[in-house]
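Numbering (this note's numbering), first residue to last: 18 to 526.
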């Protein structure tokens, strides 16, 4: 908890420069009036000084004629550990994203602009995406926000997605010769119609690390685009297949393994449950008849890349890991039946570590979605007996992120067997603090801090424990008649009574 009264810095970017002011928060509700250091300009073409020392030209047409404030930042140095919720107009966020040089401020503006889908927001995001002066992670996040804005404006969006146009302009080339056709009209005039040139994928060149990160990540953002029918446009899917099929890395000194892996992940991002029709049955799924053509193409491509990576392995088998994740999405989202033994095979001991981890994470997510008891037992056996320590711990951590159920929810896996199995694992790892702490966290996520609901009440549990204890005593006595057994029980009760009486007498003295 923070102290009751604390100071907070507020930085205001005005027309005449950036000014910082400190306010004191004493109550839960505090009202302050900040001093404005600038006057409204009649000549708005004058350059505006920033806190970085640069002077820039801004388009101030959207600005309030009576307010010289461009944008406001609260606690810019991050000295207070608090979550801030700050509201300002959309054009303030747009200026902050475009002209503020602080990276955290730009990320803050990007998060806020998701709530303001408009044409001006599109133009601002496109300008930042094109700017080579921006940090590459800001440009990548800008691509994701631009896709989010496009999905929000799916009914009114016109033209090609800005991220797709940017990728084609920067990382692809056009044909040197453009085809043209001559159409003769009735008045014998020739009308020349030029057909747009097709784009060609360039040979990979990863010498610029920042451009490599952008080239690798932007296809994943493009694949998240959805049209008004909430499916990925065919143009985007064809674009991704072109990148995969015409990928050329022969003259590149760097490996393209992670780039190909990213393209496969992009295919997974295009999947929606629209590809599964309402009349689909298990037989239809096996015959693969009712799935749309794009889903079939993705499924065939994933199998091809998976088999190809067996023959010529990629670095760290990253392509195999991506293929397994997309197969899991095809099973969960599109409804294609995938044999669970495929993931068992890749999760078995002897496979590469990353491949095993990817397969185990998929199995954990299968437990979350399918409530499969056999998979649940398999995962618990891996946690208890697998020779790879890092794998065991990462499985438990992934279980914490994707538990089978939360807070005693009613399901088939919420039973006393699960409680006893998890409790015994915590006892077995008594001398391993890391895995034990992760298991305790998993136990609290699944059953909470109180007693699990699947267990019988405490009174019934005590009776069961006493009965089990007496049964153990009777098992240790060989060939004893019921009368002698009752005598032993009576004698035990008498001994307990004498011990209690002697303890009471000693305390009274």
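Glycine included, every Cβ here is placed at the ideal spot set by N, Cα and C. As the structure is a computational prediction, the values presented were derived from the model and not from experiment.
Closest by C-alpha distance to residue 401, out of 440, 138, 474, 131, is 440. Of 136, 134, 141, the smallest CA-CA separation from residue 123 is found for 141.
The beta carbon of residue 311 sits closer than 6 angstroms to those of 254, all from its chain and outside the five residues before and after it, given in chain order. Under the three-state reduction of DSSP output, residue 368 falls in the strand class. Exclusion of the five residues before and after residue 287 leaves 240, 249, 254 as the residues of its chain whose Cβ lies within less than 6 angstroms of its Cβ.
Residue pairing by DSSP places residue 440 opposite no residue, since no beta bridge is assigned to it. The Cβ-Cβ distance between residue 392 and residue 380 falls below 8 angstroms. Linking residue 257 to residue 460 through their CA atoms gives a straight-line distance of about 42 angstroms. Rounded to the nearest angstrom, the gap between the Cα atoms of residue 106 and residue 159 is 19 angstroms. DSSP places residue 233 in the uninterrupted alpha helix (DSSP H) bounded by 226-239. Residue 167 sits close to residue 178, with the two beta carbons spaced by under 8 angstroms. For residue 217, the enclosing beta strand (DSSP E) stretches over residues 216-218. A direct Cα-to-Cα measurement between residue 327 and residue 341 gives close to 13 angstroms.
Between the alpha carbons of residue 389 and residue 383 lies a gap of roughly 7 angstroms.
In this structure the segment 135-152 does not lie against the segment 84-101, because fewer than three pairs of beta carbons, one per stretch, are closer than 8 angstroms. A distance of 8 angstroms or more separates the beta carbons of residue 260 and residue 284. Looking at the DSSP output, residue 34 sits in a beta bridge with 31. A distance below 8 angstroms separates the beta carbons of residue 347 and residue 355.
The C-alpha of residue 407 is placed about 15 angstroms away from the C-alpha of residue 417. In this structure, the straight-line span from the alpha carbon of residue 153 to that of residue 443 is close to 44 angstroms. Each residue's CA atom was taken as its position, placing residue 429 and residue 419 some 16 angstroms apart.
In this structure, residue 156 sits away from residue 189, with a CB-CB distance that is not shorter than 8 angstroms. When beta bridges are read from the DSSP output, residue 39 appears opposite 26.
Here residue 336 is buried, its C-beta having at least 16 other C-beta atoms within 10 Å. The beta carbon of residue 365 sits closer than 6 angstroms to no other beta carbon from its chain once the five residues preceding and following it are set aside.
A straight-line Cα-Cα distance of about 6 angstroms links residue 242 and residue 164.
Non-local C-beta neighbours of residue 436 in its own chain, meaning closer than 8 angstroms and more than five positions away in sequence, comprise 464, 469, 471, 472, ordered along the chain.
The alpha carbon of residue 415 has as its nearest neighbour, out of 344, 424, 396, 44, the alpha carbon of 396. Buried is the label assigned to residue 109, since at least 16 other Cβ atoms lie within 10 Å of its Cβ. Annotated as proximal: residue 116 and residue 73, with beta-carbon spacing under 8 angstroms. Assigned with DSSP and collapsed to three states, residue 80 falls in coil, not helix or strand. Taking the Cα positions, residue 282 is about 10 angstroms away from residue 234.
Excluding sequence positions up to five before and after residue 314, its CB lies within less than 8 angstroms of the CB of 254, 258, all in the same chain and listed in chain order. Taking C-beta separations shorter than 6 angstroms and ignoring five residues to either side along the sequence, the partners of residue 24 in its chain run 39, 41, following chain order. A direct Cα-to-Cα measurement between residue 35 and residue 53 gives close to 11 angstroms. Counting along the chain, residue 312 sits inside the alpha helix (DSSP H) bounded by residues 310-328.
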